[in-house]
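Data first, discussion second: the structure below is written as structure tokens.
Numbering (my numbering), first residue to last: 456 to 599.
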């Protein structure tokens with residue numbers, strides 16, 4: 456098993472690395488040339504410039520529902536930085552919500568949607584717990 460992270464502006468990279476190190480799972484951080492990273496644990500791959508350049512090499516950790524849909528189509532497992540798992544059962548609903556939110560943002564008027572709330576320590580704990588569960592599920596399924 457290997458964990459790949461769409462690391463451009465990902466707030467949980469440190470948590471992923473700590474958790475992966477505990478399970479002795481290699482991590483690859485994918486970033487574009489505008490977000491060069493450093494890590495003492497992970498392999499870093501710079502994918503190229505552009506807003507979505509990394510998305511086409513992504514496998515596991517992402518906040519982008521479109522990327523999640525692509526990885527599910529390849530039979531991979533996906534997890535959002537909130538800890539929510541992407542599944543074939545929930546991805547269509549998530550994509551529809553993304554579409555509706557984009558449509559609302561593009562509409563003129565007073566119903567402008569605010570961005571996400573500031574990340575908390577509880578958010579980080581929920582993500583780490585969910586990531587551990589996902590790792591356990593994947594490890595268990597690969598042993599059977």
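All C-beta atoms in this analysis are idealised placements derived from N, C-alpha and C, irrespective of residue type, glycine included.
In the structure shown, residue 486 falls within a strand segment according to DSSP collapsed to helix, strand and coil. In this structure, the CA atom of residue 487 is about 31 Å from the CA atom of residue 597.
In the pairwise beta carbon analysis, the region 535-544 is classified as not touching the region 472-488: fewer than three pairs are separated by under 8 Å. Taking the Cα of residue 544 as reference, the smallest distance to any Cα among 474, 555 and 523 is reached at 523. In the three-state DSSP reduction, residue 533 falls in the strand class (E or B). For the pair residue 480 and residue 516, the CB atoms are not nearer than the 8 Å cut-off. In this chain, the beta strand (DSSP E) harbouring residue 498 covers 498-501. Rounded to the nearest angstrom, the Cβ distance from residue 483 to residue 491 is 15 Å, too far for a contact under 8 Å. Excluding residues up to 5 positions away in sequence, 520, 523, 524 and 527 lie with their Cβ nearer than 8 Å to the Cβ of residue 546 in the same chain. A direct Cα-to-Cα measurement between residue 470 and residue 559 gives close to 33 Å.
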